[in-house]
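Residues in the sequence shown are numbered from 352 upward in steps of one, following my numbering.
Just so you know, even glycine gets a beta-carbon here, dropped at the ideal spot from N, CA and C.
This report concerns only the one structure given below.
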Amino acid sequence: MEKVISRLEEWIVAIVMAVMSTIAFVNILSRGIANYSLSFTEEITINLFVLLTFVGTAIGVRQNAHLGFTLVYDLVNDGLKRVITLFVGLMMALLFGVLLYFGIQMVLFQIQMGQKTPSLGWPQWWFSLAMPFGALLCLYRTLQVTVKEFREHGVKGGQSL
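Right, here's the structure in full:
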């Protein structure tokens with residue numbers, strides 16, 4: 352299951368980047384050759400960027416690639432490292448949980464109101480699903496990394512604390 356989710360994240364990022372790059376390239380050619388801007392593509396690109404940001408964040412959490420200030424963390428013993436790990440994991444889970452909750456509320460509201468995108472007239476919730484979907488991926492990765500890191504600092508000499 353872990354490999355499937357990892358591959359899904361990577362494929363989403365690759366496809367979204369390819370689509371965004373293609374749209375930007377076609378828009379540049381359109382402006383340069385035909386002197387005509389494809390302005391409707393902007394709303395697709397902006398909304399895909401939201402998806403790219405959330406899925407990229409989930410990949411970053413999975414790979415421990417997020418920025419961190421570790422001066423205090425590196426100086427303390429394993430017991431305090433576990434406390435810090437748990438605290439940071441809980442704060443991240445809280446953030447992504449809030450984003451998930453409000454993302455779902457936003458999508459439900461857009462469905463209820465029948466909100467459409469300005470240029471294309473597509474249902475706005477199609478694009479807005481990126482927020483709860485991405486927050487769910489980030490929440491999953493946060494819990495996964497927190498548990499892994501917590502367990503690593505609980506092991507001394509092959510025995511659990």
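Tell me the rounded alpha-carbon separation between residue i and residue j.
i                 : j             : result
methionine 482    : glutamate 500 : 26 angstroms
leucine 403       : leucine 359   : 12 angstroms
valine 498        : leucine 431   : 15 angstroms
phenylalanine 484 : alanine 375   : 25 angstroms
glycine 383       : valine 401    : 28 angstroms
asparagine 378    : tyrosine 491  : 36 angstroms
DSSP three-state call for residue i: helix, strand or coil?
i              : result
proline 474    : strand
methionine 371 : helix
Comparing C-alpha positions only, which one of the options sits nearest to residue i?
i              : options                        : result
methionine 368 : Thr497, Leu389, Gln414, Thr396 : Thr396
threonine 408  : Glu503, Thr497, Cys489         : Cys489
alanine 365    : Leu389, Val406, Glu394         : Val406
glutamate 503  : Ser357, Val370, Asn428         : Asn428
glutamine 463  : Ser470, Pro474, Pro469, Phe453 : Pro474
Between which residues of its own chain and residue i is the CB-CB distance below 7 angstroms, once the five residues before and five after are set aside?
i              : result
threonine 493  : Val412, Gly440, Met443, Ala444, Phe447
asparagine 415 : Val496
leucine 480    : Val458
valine 370     : Leu399
For residue i, which residues from the same chain have a beta carbon less than 8 angstroms from its beta carbon, with the 5 sequence-adjacent residues on both sides left out?
i              : result
isoleucine 435 : Val423, Tyr424, Val427
leucine 437    : Thr497, Phe501
Please check the pair residue i and residue j, which I expect to be a contact at CB under 8 angstroms, by giving their CB distance rounded to whole angstroms.
i             : j              : result
glutamine 461 : tryptophan 476 : 4 angstroms
Can you name, in chain order, every residue of its own chain whose Cβ lies under 6 angstroms from the Cβ of residue i, other than the five neighbours on each side?
i                 : result
phenylalanine 391 : Ser470, Leu471
glutamine 466     : Gln475
threonine 468     : Glu394, Gln475
glycine 454       : Met482, Pro483, Ala486
leucine 389       : Asn378, Ser381
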